Amino acid sequence: MTSFAEQTRFDGKTVLITGASSGLGAAMAVAFAEQGAEVAICGRRLDRVEQTAAAVEQTGRRCVAVQADTSSPEDCERFAQTAYDELGRIDVLINNAGIGTAVPMTRETVEEFRSVVDVNLNGVYWMSQVAVRRMQPGSNIINISSVLGTWSAGLPQAAYSATKAALLGLTRDLAVQLTGRKGIRVNAIQPGYFPTEMTDQQDADFLKGIADLAPMGRTGDVAELVNAAVFLASDAASYITGTSLVVDGGLTVR
Ligand code: NAD
6 MTSFAEQTRF
16 DGKTVLITGA
26 SSGLGAAMAV
36 AFAEQGAEVA
46 ICGRRLDRVE
56 QTAAAVEQTG
66 RRCVAVQADT
76 SSPEDCERFA
86 QTAYDELGRI
96 DVLINNAGIG
106 TAVPMTRETV
116 EEFRSVVDVN
126 LNGVYWMSQV
136 AVRRMQPGSN
146 IINISSVLGT
156 WSAGLPQAAY
166 SATKAALLGL
176 TRDLAVQLTG
186 RKGIRVNAIQ
196 PGYFPTEMTD
206 QQDADFLKGI
216 ADLAPMGRTG
226 DVAELVNAAV
236 FLASDAASYI
246 TGTSLVVDGG
256 LTVR
């Protein structure tokens, strides 16, 4: 039996992360490289994706940076093919790209609602399809959902909450389709609140209220979310599939 430390190494493996221009995606890219992985990342802003790639390469690992919008099936295919051509395999896919709106439903436009569904739900499905076609048994997918998939913070976030809930259903279904037949695990993570560009859009008093509500008494540190992703993607989580790991400082048990 190999040790936990060995099981959480990714030497010789490749990890694809969408939306790695900033925030959780950028931090995960560096963390997986520190664990030995070669990494492929995409985002809509090439300059920002290249900044993340430079940080990954500081660890001594390769990083393939691709400008791609995950709401486009063609961009997803190009990202997966480029990663596969450059790195030779796909072991882990982290569907991290996500956007949110906080608009009352009586005012939200068709375009606003559709844009969130296109990235947060449809893009996850397109990316999963193109990755799975290139994955071998032992690979896995992690979908970054949110506590808002099963809980409400009181803001009007219909599109965001609906898509993050949908990812939990997608995770279950893909796990049933892929785990037994192809040996590919599929899981989700539901983060609570972690300071990133996404939470920067929110009111400081709102975030303080969230921190006070969590039994932990604070919002999360990005490293605390990254650690959960590294564990779940690793061989140490080999018997975990079709489920969701809540990382929220206890926020949603209140
Ligand atoms: P962020 O805004 O810093 O990161 C989101 C990334 O996705 C950005 O780099 C953005 O450019 C990219 N992206 C958006 N649309 C894209 C598209 N169509 N194609 C490619 N890339 C695209 O925010 P974050 O907090 O790091 O969010 C990462 C994920 O975590 C998101 O799915 C978000 O919903 C989820 N999440 C975050 C929190 C939190 O508290 N930060 C909580 C729950 C869930």
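To get my numbering, take the position in the sequence shown, counting from 1, and add 5. Where is the CB? At the ideal position from N, CA and C, for every residue including glycine. None of the values given here were measured: they were computed from a predicted structure.
Would you identify the three-state DSSP class for D52, choosing helix, strand or coil? helix
Spatial neighbours of Q72 in its chain, beta-carbon cut-off 6 Å, leaving aside the 5 residues before and after: L51
Out of curiosity, what's the CA-to-CA distance linking G65 and A42? 10 Å
Just to confirm before moving on: does the CB-CB distance between L126 and A171 stay below 7 Å? yes
State yes or no: is the C-beta of L29 within less than 7 Å of the C-beta of A107? no
How many angstroms separate the CA atom of T87 from the CA atom of I104? 24 Å
Is the separation between the beta-carbon of I99 and that of I46 shorter than 7 Å? no
Locate the beta strand (DSSP E) running through V258, then write down its first and last residues. Element bounds for V258: n/a, residue is neither H nor E.
Just checking, does the stretch 166-186 make contact with the stretch 128-138 on the three C-beta pairs under 8 Å criterion? yes
Among M221, L250 and S243, nearest to P196 - alpha-carbon criterion: L250
Okay, do the stretch 177-185 and the stretch 108-118 touch, 3+ Cβ pairs below 8 Å being the bar? no
Any chance the CB of D74 is under 6 Å from a heavy atom of ligand 1? yes
Residue burial classification, M33 (beta-carbon count within 10 angstroms, cutoff 16): buried
Beta carbon of F199: closer than 6 Å to some heavy atom of ligand 1? yes
Contact set for Q233: own chain, Cβ-Cβ below 7 Å, skip 5 residues either direction: Note that residue 233 corresponds to Ala in the displayed sequence, not to Gln. Hits under 7 Å: I194, L250 and V252.
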